[in-house]
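In what follows, a single structure is set out as structure tokens and then discussed.
Next comes the structure, spelled out in structure tokens:
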């Protein structure tokens, strides 16, 4: 599995609070078949979650050195989970935020419990500016849980979907579980991600992959977990 959505950088957002915590998360991901990780710290403009790209790069370098010292071999890239905002293009130009693995591919987050007034316009502006847009965990948004046609419209607009792999197990509630099944049924998902923040004591990724084989063939699931995200990191 190539994980394009994770919160593994220590003391950056709401992920691990120490370098040891970061290493524990990486060990847990590797044990469940993850071969490559994109670290995607939150960037929520005008909040405490505004760690700039340069700082994230320095923190990632520390994590990589620590992993190397521990003999842990895994590829880690940098990105952001970018909260929807009118100023995303300006933030990109100022190099405060990062596309996934340094590419013109953006992981964008919407509000979980409400509708952002002009989110469709913003997403299309990003597309028109030459960025591919991946919507983080669409199954968790109340507006999509209430009306699956919104997801269909976003796909028609060319927006890709990254669902959280734990949603199929009910990790994010009944609404997300029900909605991810709808997205699976209509084959709207581009890839799954862990959205991991802490070292879970349950191997939920392994359990989720087994559950997903009820809905996908092994070849289809491989495409979602390896082939599609591999395009982002240049595989």
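Residue numbers (our numbering): 42 to 276. Ideal Cβ positions, reconstructed from N, Cα and C, are used throughout, including at glycine. Note that this is a predicted model, so its numbers are computed, not measured.
Residues bridged to residue i (per DSSP)
i: residue 118; result: 79
i: residue 246; result: In the DSSP output, where bridge partners are listed per residue, residue 246 has none listed.
i: residue 148; result: 122 and 175
i: residue 271; result: Answer is none; residue 271 lacks a bridge partner.
i: residue 84; result: 123
i: residue 47; result: 80 and 237
i: residue 232; result: 203
Cut-off 7 Å between Cβ atoms - residues of its own chain near residue i, not counting five sequence neighbours on either side
i: residue 123; result: 84, 129, 138, 147, 148, 149 and 150
i: residue 235; result: 44, 46, 47, 70, 206 and 246
i: residue 157; result: 125 and 151
i: residue 238; result: 48, 55 and 56
i: residue 267; result: 42 and 43
i: residue 270; result: 43, 45 and 232
i: residue 94; result: 136, 137, 138 and 139
Status (buried if at least 16 other CB within 10 Å, exposed otherwise) for residue i
i: residue 98; result: exposed
i: residue 196; result: buried
i: residue 178; result: buried
i: residue 200; result: buried
i: residue 111; result: exposed
i: residue 338; result: Outside the displayed span of the chain (42 to 276) sits residue 338, for which this structure offers no information.
i: residue 180; result: buried
i: residue 254; result: exposed
i: residue 66; result: buried
i: residue 80; result: buried
i: residue 288; result: Examination of residue 288 is not possible in this model, given that the chain is present from 42 through 276 alone.
i: residue 61; result: exposed
i: residue 113; result: exposed
Sequence-distant residues of the same chain with beta carbon closer than 6 Å to residue i, five excluded per side
i: residue 244; result: 73
i: residue 173; result: 146
i: residue 183; result: 154
i: residue 230; result: 202, 204 and 224
Own chain partners of residue i with C-beta closer than 8 Å, once the 5 adjacent residues on each side are dropped
i: residue 116; result: 76, 77, 78 and 274
i: residue 58; result: 51 and 52
i: residue 16; result: The first residue shown for the chain is 42 and the last is 276, placing residue 16 beyond what the model contains.
i: residue 91; result: 84, 85 and 137
i: residue 210; result: 218, 245, 248, 249 and 252
i: residue 107; result: 60, 63 and 64
Residue-chain proximity (residue i, chain C), Cβ-Cβ < 8 Å
i: residue 240; result: The displayed structure is made up of one protein chain only, and chain C is not part of it.
Quick one: which unbroken alpha helix (DSSP H) runs of 4-plus residues sit fully inside the stretch 167-203? Chain order, please.
183-187 and 189-197
Three Cβ pairs or more, each shorter than 8 Å: is that satisfied between the stretch 167-177 and the stretch 210-220?
no
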